[in-house]
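Counting from 0, one number per residue, gives the positions in the sequence shown under numbering that gives the first Met the number 0.
All C-beta atoms, glycine included, are put in the ideal place defined by N, C-alpha and C.
Small disclaimer: the values here were computed from a predicted structure and weren't measured.
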Amino acid sequence: MRHVRAISRIAPLLLFMMLSSCGESANTEATTPDAENAVTDERGPNNGILLRDGEFVLELAIFETGVPPEYRAWATVNDQPVDPEDLDLNVQLTRLGGVVDDIDFVPTGDALRGDMVIYEPHSFSVSVAASYNGNTHRWSYDSFEGRTRIEPAVAEALGIETDIAGPAVIEETIPVYGRIVANSDDVSNVTARFDGKIETVAVALGDYVNAGDTLATIESNQSLTSFELLAPISGLITARNASGGESTAGRVLFTITDTSTVWADLAVFPSDLPRISVGERVTINTPLTDTPITGTIARILPETASNQAVTARVVLDNPDGVLRAGTWVQAQINIAEHEVPLAVRREGLQAFRNFTVVYAQIGDQYEVRMLDLGRQSAEWVEVLGGLEPGTRYVTENSYILKADVEKDGASHDH
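What follows is the structure, given as structure tokens:
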């Protein structure tokens, strides 16, 4: 047993080491075709990256103050500014999956301005070509964020699972609480047909009886003969008011409750009452069952409780008697269903910077996709933007990718 516990502690560490060995840094990485065309770690006066080729220096920055993200560029020769009218600039961004953004620039004041929005994530390989005074200067470098690489065998070992983003049905629900109560429509109060003395009692409180089982034997006061008191229905003995030697005296001796069905009485507050109706589907979570239970609202009671809530009653099948009266439950009343063209599973969502993201999978690489979200349910979240239909994304254990991306810093460096 000691060896088993040791292995269980070591396994996560081994998996983390495997993951670390194949992860890809989220920070900007500079690669250049030769030493002359240098991509430096320096920052220019506009906080842009500096690209050098001899005395020619290009500052390139993503500008996003008060406008959608776009490229701005400034050039100098021998530390003297270059007139933007004299510079021809093109930038190509190759994104994960091979999509290329081809950006041309136009003069704007003392800078060159890119002609397209740089949508999130700002994660791409960058190719730059700047033509000035008959010479063309070229650079290439990687600027990745929210991206990592995991070998398929490692992903399988880590339990990373994926799904395809597409249409789904979003259920609009109202959260409520309540409790399980006995179905009083299926309760039998048992009395003796003839008064007499109780001779024997065959059942105890909490026993389950079938219809026709003997509950007690009674000696009739009239005939002085004994007769059996039989169970009229099947169910649990929920009250016993009979002991040997006692007189029946016309009283209720046993209460039998049929537990094959129970009620879930749910508290609905006045503001939600106009939105619910009889027949609507309800999903109920109880501490007594491993999976949720579904039912429909059978009736809405006319009385208002002291807390001003109104009871919506759901009849639940309980063939195994698992649901016990008095148990508190949480429930969701389904009031509408919306078919949406694009949704992702809620379990795949993660936080990245100030965005909600999923991790798209392309081959053995994973990268964040910043989402604009719409309607939500317990299982699905509508996607209004930021993700293409048909994208494969991580659903289970996406937190592993988040940890791997963030171990090198979730940069947003331009």
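Asked: Euclidean distance between Cα positions of serine 219 and glycine 320; Found: 36 Å
Asked: Lysine 196 - DSSP class collapsed to helix/strand/coil; Found: strand
Asked: Secondary structure of alanine 25, DSSP reduced to three states; Found: In this prediction, alanine 25 scores a pLDDT of 39, lower than 50, which makes its location untrustworthy; the coordinate-derived value is nonetheless stated afterwards. DSSP places alanine 25 in coil when its eight states are reduced to three.
Asked: Any 3 or more C-beta pairs closer than 8 Å across the region 75-94 and the region 111-129; Found: yes
Asked: Given 8 Å, three or more beta-carbon pairs between the region 361-375 and the region 140-147; Found: yes
Asked: 8 Å contact criterion, which proline 427 and isoleucine 102 should meet: CB distance rounded; Found: This structure gives no information on residue 427, because the portion of the chain shown stretches from 0 to 413.
Asked: Euclidean distance between Cα positions of serine 305 and aspartate 371; Found: 42 Å
Asked: Simplified DSSP assignment, three categories, for leucine 400; Found: helix
Asked: Counterpart residues of tyrosine 207 in DSSP-defined beta bridges; Found: Leu235
Asked: Within 8 Å, strictly: CB atoms of threonine 282 and glutamine 331; Found: yes
Asked: Alpha-carbon spacing of isoleucine 299 relative to arginine 345, whole angstroms; Found: 32 Å
Asked: Bridge partner(s) assigned by DSSP for alanine 215; Found: Val200 and Leu228
Asked: Coil, strand or helix - threonine 394 by DSSP; Found: strand
Asked: Asparagine 182 beta carbon less than 8 Å from that of aspartate 257; Found: yes
Asked: Same chain only: Cβ atoms within 8 Å of threonine 288, ignoring 5 sequence neighbours per side; Found: Val321 and Leu322
Asked: Closest by C-alpha distance to leucine 272, when choosing among Gly165, Ile173 and Thr247; Found: Ile173
Asked: Cβ-based burial, leucine 204 [other Cβ within 10 Å; buried from 16]; Found: exposed
Asked: Residues near glycine 294 in its chain [Cβ-Cβ closer than 6 Å; skip 5 each side]; Found: Val281, Val313 and Leu315
Asked: CA nearest to the CA of glycine 47, picked from Arg71, Glu54, Ala37 and Thr64; Found: Arg71
Asked: Local Cβ density within 10 Å of leucine 229, reported as buried at 16 or more and exposed below that; Found: exposed
Asked: Selected residue, minimal CA-CA separation from proline 120, among Glu160, Gly385 and Glu405; Found: Gly385
Asked: Residue from Ile275, Asp87 and Asn134 whose Cα sits closest to the Cα of glutamate 54; Found: Asn134
Asked: CB of valine 339 within 8 Å of CB of glycine 347, strictly; Found: no
Asked: Helix, strand or coil at glutamate 150 [DSSP, three-state]; Found: coil
Asked: CB contact check: valine 56 to chain D, cutoff 8 Å; Found: Among the chains in the structure shown there is no chain D, since it carries only a single protein chain.
Asked: Collapsed DSSP secondary structure at lysine 406 in the structure displayed; Found: coil
Asked: Short Cβ contact (8 Å threshold) for phenylalanine 253 with alanine 266; Found: no
Asked: Whole-Å CB distance - aspartate 160 paired with glutamate 395, under 8 Å assumed; Found: Note on residue identity: the sequence assigns glutamate, not aspartate, to residue 160. Yes, they are in contact, since the Cβ atoms of glutamate 160 and glutamate 395 sit about 4 Å apart, within 8 Å.
Asked: Cβ pair alanine 350, tryptophan 379 closer than 8 Å; Found: no
Asked: Distance CB(arginine 217)-CB(alanine 191) smaller than 8 Å; Found: Looking at the sequence shown, residue 217 is not arginine but isoleucine. Contact: yes.
Asked: Glutamine 349 - containing beta strand (DSSP E), residue span; Found: 349-351
Asked: Inter-residue CB distance, valine 200 and serine 233 (contact presumed, cutoff 8 Å); Found: Actually they do not touch by this definition, with Cβ atoms about 19 Å apart.
Asked: Outcome for valine 98 when other beta-carbon atoms lying within 10 angstroms are tallied against a minimum of 16; Found: exposed
Asked: Rounded Cβ spacing between leucine 49 and glutamate 58 (contact assumed at less than 8 Å); Found: 6 Å
Asked: Given serine 222 as reference, the closest of Phe193, Asp212, Leu235 and Ser246 once Cα atoms are compared; Found: Phe193
Asked: Span of the beta strand (DSSP E), counted from its first residue to its last, around valine 175; Found: 165-181
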